[in-house]
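Residue numbering for the sequence shown follows full-length UniProt numbering, beginning at 1 and increasing consecutively.
Let me begin by presenting the structure, written as structure tokens, before commenting on it.
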Amino acid sequence: MDSLRIAQFIEATYPDPPVPLTSELGSEIVAKARCALSPAFRTSLMPREINILSPRSQEYFRRTREASLGHPLEDLLVPEKEEQAWEAVADAMRALGELMLTNKAEGPFVLGASPSYTDFFITGSLQTAREIDEAVFQRCIKYPGFKEVYEACLPVGEGEIDEEEYMNI
Numbered sequence: 001m002d003s004l005r006i007a008q009f010i011e012a013t014y015p016d017p018p019v020p021l022t023s024e025l026g027s028e029i030v031a032k033a034r035c036a037l038s039p040a041f042r043t044s045l046m047p048r049e050i051n052i053l054s055p056r057s058q059e060y061f062r063r064t065r066e067a068s069l070g071h072p073l074e075d076l077l078v079p080e081k082e083e084q085a086w087e088a089v090a091d092a093m094r095a096l097g098e099l100m101l102t103n104k105a106e107g108p109f110v111l112g113a114s115p116s117y118t119d120f121f122i123t124g125s126l127q128t129a130r131e132i133d134e135a136v137f138q139r140c141i142k143y144p145g146f147k148e149v150y151e152a153c154l155p156v157g158e159g160e161i162d163e164e165e166y167m168n169i
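Now the structure itself:
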């Protein structure tokens, strides 16, 4: 994923208003989110992602993912396996959500009053889940922290407020 490199390019090209790209807390959250979410997302989202792709992309996606997995995508959709994947990450999801709420007294974002790369990383991951399967999104936002960060980032994503107003929340 090139998200951080893209964010660095955008920040260098358009430095105003600034969006913090890194912080100790943010780096910890991103690293833990990748570990916590990956197993459950792989089990729940990967086999469903094919449903939102064009026919040409579906063929490529299926071929490459099944080669990597060593079995058909549908093998991941066994309800018991999916439930086990989510149960296995539950404690990590709770801990991650608590980290996201570290600065809640200062504002709705990970670092408090202003959004950072970490907020957009979390929100982007959740929105991806929502686009692929609403039930997976709902599983995630039931953990404290996830819903708060997602909802804090919605106004800009939906174009409800301009960037200047957003940065002065």
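All C-beta atoms in this analysis are idealised placements derived from N, C-alpha and C, irrespective of residue type, glycine included.
For residue j and residue i, believed in contact at Cβ under 8 Å, the rounded distance
i      : j      : result
Leu128 : Gly26  : A small fix is needed here, since residue 128 is Thr in this sequence, not Leu. Not really, about 19 Å apart at Cβ, beyond 8 Å.
Ala88  : Pro39  : 6 Å
Ser125 : Ala33  : 7 Å
Leu53  : Ile132 : No, Leu53 and Ile132 are not in contact; Cβ-Cβ is about 10 Å, not under 8 Å.
Leu99  : Ile29  : 5 Å
Ile50  : Arg62  : 6 Å
Cβ neighbours of residue i in the same chain (closer than 8 Å, five flanking residues each side left out)
i      : result
Gly97  : Tyr143, Pro144, Gly145, Phe146
Glu134 : none
Asn103 : Leu25, Phe109, Val110, Leu111, Gly112
Cβ-Cβ distance between residue i and residue j below 8 Å
i           : j      : result
residue 198 : Glu74  : Look at the range of the chain in this structure, 1 to 169, and you will see that residue 198 is not part of it.
Lys81       : Thr43  : yes
Ala95       : Glu106 : no
Glu148      : Leu101 : yes
Phe120      : Cys153 : yes
Assigned exposure category for residue i - 16 Cβ within 10 Å defines buried
i      : result
Cys35  : exposed
Val110 : buried
Tyr14  : exposed
Leu76  : buried
Val136 : buried
Tyr60  : exposed
Pro79  : exposed
Ala12  : exposed
Contact set for residue i: own chain, Cβ-Cβ below 7 Å, skip 5 residues either direction
i      : result
Met93  : Ala36, Tyr143
Cys140 : Leu126, Ala129, Phe146
His71  : none
Trp86  : Ala40, Arg139
Arg65  : Met46, Leu73
Pro108 : Glu148, Ala152
Contact set for residue i: own chain, Cβ-Cβ below 6 Å, skip 5 residues either direction
i      : result
Ser57  : none
Arg5   : none
Asp16  : none
Asn168 : Note on Asn168: pLDDT 46, under 50, position unreliable in the model; no value is reported.
Thr123 : Tyr150, Cys153
At 4 residues or longer, what runs of the alpha helix (DSSP H) sit wholly inside the segment 11-48? 24-44
Give the list of continuous beta strand (DSSP E) stretches no shorter than 3 residues that lie fully inside the segment 49-129. none
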